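Heads up: the structure comes next, in structure tokens.
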Amino acid sequence: MKKLLLTILMTSFCFTANAGPQQEKMKTCNADASKQTLTGDARKAFMKDCLSTKNESMMHSQQDKMKMCNADAGKKELKGDERKAFMKNCLSSKQDSSLTAQQNKMKTCNADTKAKTLKGDERKAFMKSCLSGN
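My numbering numbers the first residue of the sequence shown as 6 and each following residue consecutively.
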């Protein structure tokens, strides 16, 4: 009986010890979702992705993200409000290494159309040019 009680006690202790990092991850993901003012399905998708991240060492630190976003903005020769909008979007979005190059390009081109507030035929023409690499 004592062995059974001791086994149950040790098992519950192990579960409690393992809950710490997951709880911290949940706090961080919640804070990030709140910062991005996500609601509904967008928040659910973000939380699922955030909590299921397998290898946290693959994520970029904020400084790495800043360098990468600055370099991208420089390549695109963005200035003023366009640069600010691009940087805001780039720094707040989560970089997903599982996306293909084409998917990343699509994401970047979409962000650029939002920053430039392009609509209709202008947007289509821009997206075609952006995705083809011209």
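All residues carry an ideal CB built from backbone N, CA and C; glycine is no exception.
Computed from a predicted structure; not experimentally measured.
- With fewer than 16 other CB atoms across the displayed protein chains lying within 10 angstroms of its CB, residue 54 is exposed.
- Contact check for residue 77 and residue 95: beta-carbon distance about 7 Å, within the 8 Å limit, so the pair qualifies.
- Contact between residue 132 and residue 113 is ruled out by a C-beta separation of about 11 Å, above the 8 Å threshold.
- Inter-residue distance for residue 125 and residue 116 is about 15 Å (C-alpha atoms, whole angstroms).
- Note on geometry: alpha-carbon atoms of residue 129 and residue 26 lie some 45 Å from one another.
- Under the DSSP assignment, residue 68 falls in the alpha helix (DSSP H) whose first and last residues are 67-80.
- For a cut-off of 8 Å, the C-beta gap from residue 121 to residue 82 is around 13 Å, too long to register as a contact.
- DSSP, reduced to helix, strand and coil, places residue 44 outside both helices and strands of the structure shown, so it counts as coil.
- Taking the CA atoms as reference points, residue 34 sits about 19 Å from residue 93.
- The straight-line gap separating the alpha-carbon atoms of residue 44 and residue 13 is approximately 40 Å.
- As the crow flies, the alpha-carbon of residue 135 is around 11 Å from that of residue 107.
- Per DSSP, reduced to three states, the secondary structure at residue 138 is coil, with no helix or strand assignment.
- A straight line joining the alpha-carbon of residue 71 with that of residue 91 spans about 12 Å.
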